[in-house]
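From first to last, the protein sequence lines are chains L and Z.
All residue numbers for the first sequence refer to our numbering, where the first residue is 403 and numbers rise by one.
All residue numbers for the second sequence refer to our numbering, where the first residue is 231 and numbers rise by one.
The block underneath contains the structure these notes are about, expressed in structure tokens.
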Amino acid sequence: MRWLGLGLAAVLALGLALVLGPTPVPWAALGSSDIVRELRLPRALLAFLVGGGLGLAGAALQALVRNPLADPFLLGLSGGAGLGAVLAIATHLSGPWTLPLAAFAGALAAMALVYRLGLAGGAELDPRALILGGVAVGAFAGAVTTAIVSLASAVELRNALLWLWGGFSGSSWDGVLVVCLYFPVPLVVLLAAARPLDLLALGEEPARYLGADVARVRRRVYVAASLLTAAAVAVSGVIGFVGLIVPHAMRALWGHQHRVLLPAAFLGGGILLTLADTVARVVVAPRELPVGIVTALVGVPVFALLMRRWTAS
Amino acid sequence: MALAHRARRRLPISAPTGVGFFAMRRSAHRTHLAGLLALLAACGGGERGATTRAPLPPARRIVSLSPAVTELLYALGAGDRVVGRTTWCDYPPAVRAVPSVGDGLSPNLEAIVARRPDLVVLYRSALNETAAQRLRALGLATAVLPQDRLEDLAAAARVLGRLTGRSAAGDSIAQSLAALVAAPAPDLGVRLAFIVWDNPPMVIGGASYLDQLATLAGARNVFHDLGTSSAVVSIETIAARDPDVLVTLVDSGAPRLPAFAARREWQALRAVRERRLVMLTGSLFGRPSPRAAAAVAELRRQLEGGEGATR
Numbered sequence: 403m404r405w406l407g408l409g410l411a412a413v414l415a416l417g418l419a420l421v422l423g424p425t426p427v428p429w430a431a432l433g434s435s436d437i438v439r440e441l442r443l444p445r446a447l448l449a450f451l452v453g454g455g456l457g458l459a460g461a462a463l464q465a466l467v468r469n470p471l472a473d474p475f476l477l478g479l480s481g482g483a484g485l486g487a488v489l490a491i492a493t494h495l496s497g498p499w500t501l502p503l504a505a506f507a508g509a510l511a512a513m514a515l516v517y518r519l520g521l522a523g524g525a526e527l528d529p530r531a532l533i534l535g536g537v538a539v540g541a542f543a544g545a546v547t548t549a550i551v552s553l554a555s556a557v558e559l560r561n562a563l564l565w566l567w568g569g570f571s572g573s574s575w576d577g578v579l580v581v582c583l584y585f586p587v588p589l590v591v592l593l594a595a596a597r598p599l600d601l602l603a604l605g606e607e608p609a610r611y612l613g614a615d616v617a618r619v620r621r622r623v624y625v626a627a628s629l630l631t632a633a634a635v636a637v638s639g640v641i642g643f644v645g646l647i648v649p650h651a652m653r654a655l656w657g658h659q660h661r662v663l664l665p666a667a668f669l670g671g672g673i674l675l676t677l678a679d680t681v682a683r684v685v686v687a688p689r690e691l692p693v694g695i696v697t698a699l700v701g702v703p704v705f706a707l708l709m710r711r712w713t714a715s
Numbered sequence: 231m232a233l234a235h236r237a238r239r240r241l242p243i244s245a246p247t248g249v250g251f252f253a254m255r256r257s258a259h260r261t262h263l264a265g266l267l268a269l270l271a272a273c274g275g276g277e278r279g280a281t282t283r284a285p286l287p288p289a290r291r292i293v294s295l296s297p298a299v300t301e302l303l304y305a306l307g308a309g310d311r312v313v314g315r316t317t318w319c320d321y322p323p324a325v326r327a328v329p330s331v332g333d334g335l336s337p338n339l340e341a342i343v344a345r346r347p348d349l350v351v352l353y354r355s356a357l358n359e360t361a362a363q364r365l366r367a368l369g370l371a372t373a374v375l376p377q378d379r380l381e382d383l384a385a386a387a388r389v390l391g392r393l394t395g396r397s398a399a400g401d402s403i404a405q406s407l408a409a410l411v412a413a414p415a416p417d418l419g420v421r422l423a424f425i426v427w428d429n430p431p432m433v434i435g436g437a438s439y440l441d442q443l444a445t446l447a448g449a450r451n452v453f454h455d456l457g458t459s460s461a462v463v464s465i466e467t468i469a470a471r472d473p474d475v476l477v478t479l480v481d482s483g484a485p486r487l488p489a490f491a492a493r494r495e496w497q498a499l500r501a502v503r504e505r506r507l508v509m510l511t512g513s514l515f516g517r518p519s520p521r522a523a524a525a526v527a528e529l530r531r532q533l534e535g536g537e538g539a540t541r
């Protein structure tokens, strides 16, 4: 029943995204309209996939570092992505895919660095070291980015930051294709880690006694969640909030079992981001709002309601 | 690209046209020196402000913090008195020999003071108003001039003419700019959009100088109704407004096709599919300047050429 509800909500969100837009498209022409086929449909799908990826990555990372504040960008990825994008522009690389690829490379570099820092204590990934390392790497990358922007001061750099704040204005079928080819592996890895994550929630020692290979689970989950996030940054910039709030909301609705929670977080994130992007496109038309603002404006009240229910029970 | 545009977009909220126009009209009315001096005195504060010398001697060492002002000063014949410029000042070429004092956006006070100017001219923006206050506190004369539209530039020409003792030249530049504004070229029937950035797509709205250029060249900006100088819109909106021509600004060098022209999602635009793209150099087109007449003529030539090529 709950799955049916979530599925219906997803279909509804995608449908609204196709029907609504800054320019009215008559019902009869929906199927044949270029605007719907080439602009709205890829945009809606991309928003859904990215939202889902962020929601899932957030749920997995929160379990991994056992910290409710964890979100996909806590571990330095946004800083690395921003630095990559700004470096590409400052060194005059150009081409239609430069910015996404550079942001992806930057996020991966940050991930590798944080991973190395996370191994500080020895051969095992230490969650506390991961968080601290992530914050440190993020701050460092942010400082270098700001230095480049303030020294080079080209218009393109400021516009690159605008892109980095996130949005789906540039969505195309190419982007959807890239995500569809890329997402399955980290998605499957994360979904397969559902049971070990349940055990890990009991604590490191109990998890070990119950037969979980804690070190391996941590490595896999961290790398898979980071890869998902890096791809999300590459196609849509840094969209905050989805990966933080959606997992908590889904936990309130569905409980703590990761086998249920992880797919629910994927669907929930997709629904939230698709709806938010539709609002961003429509509400101040012909202009457009940054989608991150809408996710916060739409998501916070919903989250507050859920929190009340949650604390009341 | 335009300092004006850049500076304006840095503000969190762009002023709606109405407000901008109002302020501009008001400042146009008090372009005489007395008004400016009163302003200086009012802001200078205390004893210093009270020592208003009646006929101010012409400024001899001027730091210009905007490319448009730099061009104006050279056009007035006061180019040899420019002792400081911004990194964006690239016209006339002689100005490159003048030391730069930074990018002029959040002015580097120390660099400005080190040039020992007797007049600092700033573009009017919130950041620059604060900087001007501090410069005045340091005992430097400042002029803060709006430079968003050609009308602003005409007013600025008069003010700078008086401040440099070249009122006649200033008035003549102002008159030729006013004449240009008063007589737009006959309508070409071309509807265009200025694309200043592709992801997120950013277009030029009605408050911008480029919008004015388009009108003067006999074309219409399809985003004229947007009250700000620039705005983020969706590709869908651009496609729905269906401009005949897309105009982009290039910094310098050989005009290159913009990268977005090759991207799939942009093919939803007729102007992209038909490759009706016009590239303009930022130095001439990105800011209101005394060369506006040349900019208008060049834009019109390119638009007419584009028309011919597709027929």
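Even glycine gets a Cβ: it sits at the ideal position worked out from N, Cα and C.
Using a 10 angstroms sphere on the CB of L/M403, the tally of other CB atoms stays under 16, which defines it as exposed. Residue environment: Z/A324 is assigned as exposed (fewer than 16 neighbouring CB atoms within 10 Å of its CB, all protein chains considered). Residues of chain Z whose Cβ lies closer than 8 Å to the Cβ of L/S571 are, in chain order, N429, P430, P431, V462, S464 and I465. Going by C-alpha positions, Z/A489 is about 21 Å away from L/L485. The Cβ atoms of L/I647 and L/L674 lie closer than 9 Å to each other. Around the CB of Z/P416, fewer than 16 other CB atoms lie within 10 Å, so the residue is classed as exposed. For Z/A449, the closest C-alpha among the options Z/A527, Z/A305, Z/R388 and Z/A409 is that of Z/A527. Nearest to Z/P297 by C-alpha distance, out of Z/V328, Z/A384, Z/L499 and Z/T316, is Z/T316. By the criterion of a C-beta distance shorter than 6 Å, L/R445 is surrounded in its chain by F570 and S573, once the five residues flanking it on both sides are discounted. Within the same chain, and ignoring the five residues on either side of Z/D474 in sequence, the residues whose Cβ sits closer than 7 Å to its Cβ are V420, R421, L422, A501 and R506. By a beta-carbon distance limit of 8 Å, Z/R366 contacts Z/T372. Their separation comes to about 6 Å. The DSSP assignment places 439 to 446 and 465 to 471 as complete runs of the alpha helix (DSSP H) inside the segment 409 to 474 of chain Z, in order along the chain (cut-off: 4 residues). In the three-state DSSP reduction, L/A419 falls in the helix class (H, G or I).
Taking C-beta atoms as the reference points, Z/G436 and Z/F424 fail to come closer than 9 Å. Of all C-beta pairs linking the segment 594 to 608 of chain L to the segment 491 to 508 of chain L, fewer than three are shorter than 8 Å, placing the two stretches out of contact. As the crow flies, the alpha-carbon of L/Y624 is around 59 Å from that of Z/A386. DSSP lists Z/V463 as the beta-bridge partner residues of L/R689. L/L489 sits away from L/V637, with the two beta carbons spaced by 9 Å or more.
Taking a Cβ-Cβ threshold of 9 Å, the residues of chain Z close to L/R683 are S464, E466 and T467, in chain order. Exposed is the label assigned to L/G407, since fewer than 16 other Cβ atoms lie within 10 Å of its Cβ. For Z/L352, the enclosing beta strand (DSSP E) covers residues L349 to Y353.
Z/L510: member of the beta strand (DSSP E) spanning L507 to T511, first to last residue. Its chain contains P431 as the residues whose beta carbon lies nearer than 8 Å to that of Z/S464, once the 5 sequence neighbours on both sides are disregarded; these appear in chain order. For L/D528, the CB contacts under 7 Å within the same chain, skipping 5 residues up- and downstream, are G520 and A522 in chain order. Excluding the 5 residues flanking it on each side, Z/G332 has same chain C-beta neighbours closer than 6 Å at N338 and A341, in chain order. Of all residues in the segment 428 to 454 of chain L, only D436, I437, E440, L441, R442 and P444 come within less than 8 Å of chain Z when Cβ atoms are compared, listed by chain position. The segment 655 to 664 of chain L and the segment 542 to 549 of chain L do not touch, with fewer than 3 CB-CB distances between them shorter than 8 Å. By the neighbour-count criterion, in which 16 or more other beta carbons inside 10 Å mark a residue as buried, Z/Y439 falls on the buried side. One Cα belongs to L/A507, the other to L/S628, and the distance between them is close to 12 Å. Across the structure, Z/V343 and Z/D441 are spaced so that their CA atoms are roughly 36 Å apart. Against chain Z, a Cβ distance below 9 Å from L/D576 picks out R493, R494 and E495. Secondary structure at Z/L476: strand, using DSSP grouped into helix, strand and coil.
Between the segment 607 to 614 of chain L and the segment 661 to 670 of chain L there are fewer than three inter-stretch CB-CB distances shorter than 8 Å, so the stretches are not counted as touching.
Contact between Z/G314 and Z/R345 holds, with the beta-carbon distance rounding to 4 Å and staying under 8 Å.
In the structure shown, Z/G314 falls within a strand segment according to DSSP collapsed to helix, strand and coil. Here Z/L514 is near Z/Y321, since their CB atoms are less than 9 Å apart.
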